[in-house]
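According to this note's numbering, the residues represented by the sequence shown are 46 to 96, in order. Even glycine gets a Cβ: it sits at the ideal position worked out from N, Cα and C. These notes concern the structure reproduced below.
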Amino acid sequence: MQKTVAQRWIDHYLEAASSQAEEVGDQRSFDIIERAKRELEATRKERARAK
């Protein structure tokens, strides 16, 4: 599955936000961001299978 430019930017910003939350010790935000990343990846896989 090849990612679009928008998908790569979203991944980049989610990863940066996750790293930042981890660095400052904000576990709640880190958990929320990590869950969003997992859900986004699952949605992408579902859409790829549907095609």
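As assigned by DSSP and simplified to three states, the class of residue i
{"i": "Asp71", "result": "coil"}
{"i": "Gln65", "result": "helix"}
{"i": "Gln47", "result": "coil"}
{"i": "Lys97", "result": "One cannot answer for residue 97 here, as it falls past the ends of the chain, which runs 46 to 96."}
Rounded separation between residue i and residue j - CA only
{"i": "Phe75", "j": "Leu85", "result": "15 Å"}
{"i": "Lys105", "j": "Ala66", "result": "Outside the modelled stretch of the chain, which goes from 46 to 96, sits residue 105, for which no answer is possible."}
{"i": "Gln52", "j": "Gln72", "result": "25 Å"}
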